[in-house]
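Worksheet for the structure shown next.
Chains as they are written, first to last, in our numbering: chain G, 18 to 415; chain S, 18 to 415.
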């Protein structure tokens with residue numbers, strides 16, 4: 018009863034591998050596009066497969082609120098519901114429970130001094146999400162209704178959603194929390210992970226007729242080396258199929274933090290770096306031993322007309338693209354670059370046409386998925402470091 | 018130098034046929050999906066071909082304003098610009114020039130008494146579009162800038178857009194105009210059509226290296242039989258590749274009006290009924306001798322969650338669909354019905370996801386395109402009237 022993971026080559030901390038899920042194999046390192054609400058925004062699943070996506074990651078919090086985990090369960094699970102035959106992940110919803118409450122407005126603003134308590138506070142706002150030892154009471158960002166997640170409820174929701182890889186329920190912290198709060202949080206996340214494992218076993222047994230779902234624990238600990246290492250060692254002692262690396266991570270420290278964590282984790286289990294998708298961060302994550310990644314950026318920036326390019330991102334709405342009849346990137350093999358000009362994409366954005374988002378999302382996801390695919394090949398070939406310096410030199414030169 | 022049209026079977030006024038354009042054959046009767054701004058909203062061209070669309074109709078007014086006819090020309094024309102390899106149409110922009118000016122707000126409100134003059138007036142608003150013998154001066158609905166279309170300019174714009182079938186520049190009238198105004202308008206439209214033919218010939222000669230574009234004249238005359246017949250006879254005397262039937266048409270009179278017009282038109286030229294796409298209207302149009310149709314409805318109502326069904330349109334957002342794991346229509350062979358449940362589509366609309374529009378547009382366009390395809394087959398088989406009464410009996414029974 019576990020998720021088979023086979024390691025290919027190892028280069029320092031970095032490695033290649035293959036995760037065998039009930040819905041197919043994921044060759045790692047791999048970037049996993051995000052389909053928060055059971056759809057990668059504006060893109061057909063067939064387009065997603067064609068652009069090279071191996072799996073999709075949805076969000077338990079969003080699907081719990083809309084359409085409800087029972088509806089997805091009755092549809093046969095996340096994959097059949099959204100017409101995605103391949104592997105699926107669900108994030109636990111811990112991050113969203115605590116970050117998307119009424120009034121939260123994206124920027125987490127826990128006061129470093131007052132955040133000793135177990136409450137997440139937005140300045141000038143009423144309590145949004147109240148954390149206690151047992152779980153979190155939170156307010157729906159959709160209609161303001163009250164809800165409660167505990168580790169057990171998160172497992173029940175994620176078992177109903179039926180993704181191949183699910184995450185233990187963890188607590189969100191930020192870089193501005195006090196060290197004391199971070200430590201308490203790491204300890205609570207460990208206790209919650211233990212409860213998740215117990216509930217996961219019970220549900221796995223109860224739902225034997227369903228394909229096995231792999232459970233990943235989530236390593237927190239913010240920027241503190243000792244907390245990160247302690248958190249990783251604690252989770253390494255549990256019966257988990259893999260590990261997520263979560264929390265607010267300062268860009269400059271990303272490689273170091275992932276390295277501390279992977280040093281402590283068992284090599285024979287896969288590690289997923291949560292919510293990371295910028296090119297330099299992906300290189301740093303792979304070099305430090307992360308196997309899979311997810312991020313909304315490729316899709317979100319596409320909807321704002323920003324296209325990835327080997328020499329850096331650029332905006333298609335600028336006047337320079339109005340009469341540019343070449344593709345986003347002449348060397349790119351994606352559907353968008355082989356069928357459409359910058360001039361057409363520019364027009365679609367100016368005309369506020371939905372197809373603009375579809376086409377640039379396809380390109381951007383292809384770019385990021387393909388970038389991590391190429392890292393995998395370079396690990397096999399032994400030229401990862403050369404590729405990293407070449408790519409980043411061009412990408413960030415402008 | 019004309020657009021080959023071959024008639025198949027004839028049943029009363031109705032007939033089947035085939036229009037051979039430089040970009041492929043259109044079997045008629047045929048419904049042509051609308052891609053106003055060089056995109057059928059939310060749908061990839063490959064999906065459009067797969068759902069059975071034979072051609073796409075774009076709008077000269079919208080493309081003149083954005084991205085500009087010169088940009089489309091430089092891209093190689095409408096088809097290459099939007100990645101649609103098949104036949105294309107452009108509407109002349111006459112309707113939009115006069116109906117989309119600043120303040121016009123969809124509902125045309127020409128005062129029956131004051132509309133003797135050559136001006137289109139919105140109540141309480143400044144002049145929007147001023148019609149004179151030479152053409153129309155109008156205000157962009159995008160930025161309020163002033164523009165002028167004449168028959169010659171419309172031909173120049175449509176030649177740059179490069180569609181296989183283009184329409185003569187005509188004047189918009191409404192059911193509330195005075196009869197005297199309608200008569201003046203029909204006479205002006207005839208004079209403009211003559212100028213369009215002259216300019217079209219000149220441009221065709223000047224642009225010999227480009228594929229031939231067929232020019233359709235537009236029959237106006239509102240609800241008046243004598244004006245419609247006179248308009249049709251007038252245009253029949255010109256060197257046109259086909260005919261559009263335009264203007265405000267009362268639903269009850271649609272069959273009669275199209276019949277008056279087709280009685281007067283040469284049988285050997287195709288007729289396009291502009292802006293008509295509801296099932297009963299399509300049956301009436303085909304029965305009265307129209308060959309092709311276009312309408313935004315299939316796509317527009319899809320974006321409002323309304324799905325076509327053999328027993329009538331229904332809204333996917335209603336609670337009844339939340340746990341309905343069957344498709345929109347189990348007998349439908351479209352991509353959406355063979356891959357997605359009503360429950361999933363309901364969820365996408367509730368979650369405000371773009372894919373909702375994509376999937377329901379695919380179904381609706383497939384429904385209407387397929388309906389007219391079936392009319393064509395029934396004309397061949399000789400059971401058009403049975404199909405019409407069966408279909409309409411079920412569709413409008415609720």
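By construction, the Cβ of each residue, glycine as well, lies at the ideal position given by its N, Cα and C atoms.
Values in this document were obtained by computation on a predicted structure and should not be read as measured data.
Query                                                                                                                                                                                       : Result
So which residues on chain S does residue 157/G lean against when the C-beta distance must stay under 8 Å?                                                                                  : The contacting residues do not exist; residue 157/G stays about 13 Å from chain S at best.
Within the 8 Å Cβ cut-off, does residue 83/S reach chain G?                                                                                                                                 : yes
What are the partner residues of residue 50/G, as DSSP defines its beta bridges?                                                                                                            : 312/G
Would you call the stretch 297-308 of chain G and the stretch 367-380 of chain G in contact, with 3 or more CB pairs under 8 Å?                                                             : no
Tell me the rounded alpha-carbon separation between residue 82/S and residue 179/S.                                                                                                         : 16 Å
Would you say residue 357/G faces chain S, with C-beta separation under 8 Å as the test?                                                                                                    : yes
DSSP state of residue 366/S, grouped into three classes?                                                                                                                                    : helix
For a quick check, are the C-beta atoms of residue 32/S and residue 24/S less than 8 Å apart?                                                                                               : yes
Have a look at 327/S, 149/S, 185/S and 115/S and flag the residue whose alpha-carbon is nearest the alpha-carbon of residue 155/S.                                                          : 115/S
Within 8 Å, do at least three Cβ pairs link the stretch 212-223 of chain G to the stretch 166-178 of chain G?                                                                               : yes
Is DSSP giving residue 356/S helix, strand or coil here?                                                                                                                                    : helix
Tell me the DSSP secondary structure of residue 79/G in three-state form.                                                                                                                   : helix
Comparing the C-beta of residue 88/G with each C-beta of chain S, is any distance below 8 Å?                                                                                                : yes
Less than 8 Å between CB atoms is the rule here; does residue 54/G satisfy it with respect to chain S?                                                                                      : yes
How would you label residue 226/S, buried or exposed, when you count the other beta carbons within 10 angstroms and need 16 or more for buried?                                             : exposed
Please confirm whether residue 388/S and residue 376/S have their CB atoms less than 8 Å apart.                                                                                             : no
Could you check the C-alpha separation between residue 202/G and residue 188/G for me, to the nearest Å?                                                                                    : 7 Å
For chain S, check one thing: does any of its Cβ atoms lie closer than 8 Å to the Cβ of residue 340/G?                                                                                      : yes
In angstroms, rounded to a whole number, what distance separates the CA positions of residue 127/S and residue 200/S?                                                                       : Because the pLDDT of residue 127/S is 41, which lies under 50, any placement of that residue in the model is unreliable, and the number read from its coordinates should be weighed accordingly. Answer to the nearest angstrom: the Cα atoms are 15 Å apart.
Is it the case that the stretch 69-82 of chain G contacts the stretch 34-47 of chain G, given that we only count it when at least three CB pairs across the two stretches are under 8 Å?    : yes
Within this structure, are the beta carbons of residue 236/S and residue 249/S separated by less than 8 Å?                                                                                  : yes
Might you give, ordered along the chain, the residues of its own chain that have their beta carbon closer than 6 Å to the beta carbon of residue 209/S, omitting 5 neighbours on each side? : 168 and 186
In the structure shown, what three-state DSSP assignment does residue 44/G receive?                                                                                                         : strand
Residues of chain S with CB under 7 Å from residue 365/G, in chain order?                                                                                                                   : 56
Between residue 91/S and chain G, is there a C-beta pair that is closer than 8 Å?                                                                                                           : yes
Quick one: Cα of residue 409/S to Cα of residue 245/S, how far?                                                                                                                             : 28 Å
Just mark residue 397/G as buried or exposed, buried being the case when its beta carbon has 16 or more other beta carbons within 10 Å.                                                     : exposed
Taking C-alpha atoms, which residue in 240/S, 160/S, 231/S and 148/S lies nearest to residue 191/S?                                                                                         : 240/S
So if DSSP puts residue 323/G in a beta bridge, which residue, or which two residues, is it bridged to?                                                                                     : 332/G
Work out the CA separation of residue 338/G and residue 345/G for me, nearest whole Å.                                                                                                      : 9 Å
Around the Cβ of residue 75/S, are there at least 16 other Cβ atoms within 10 angstroms (buried) or fewer (exposed)?                                                                        : buried
List the residues of chain S that residue 98/G touches, going by C-beta distances under 7 Å, in chain order.                                                                                : 361
Which stretch, first to last residue, makes up the beta strand (DSSP E) that contains residue 389/S?                                                                                        : Note, residue 389/S: premise wrong, no beta strand (DSSP E); alpha helix (DSSP H) at 371-398.
Residue 244/S CB to nearest chain G CB: under 8 Å?                                                                                                                                          : no
Using a Cβ-Cβ cutoff of less than 6 Å, which residues in the same chain neighbour residue 112/G once the five nearest sequence positions on both sides are dropped?                         : 189
8 Å is my cut-off, CB to CB: does residue 216/S come that close to chain G?                                                                                                                 : no
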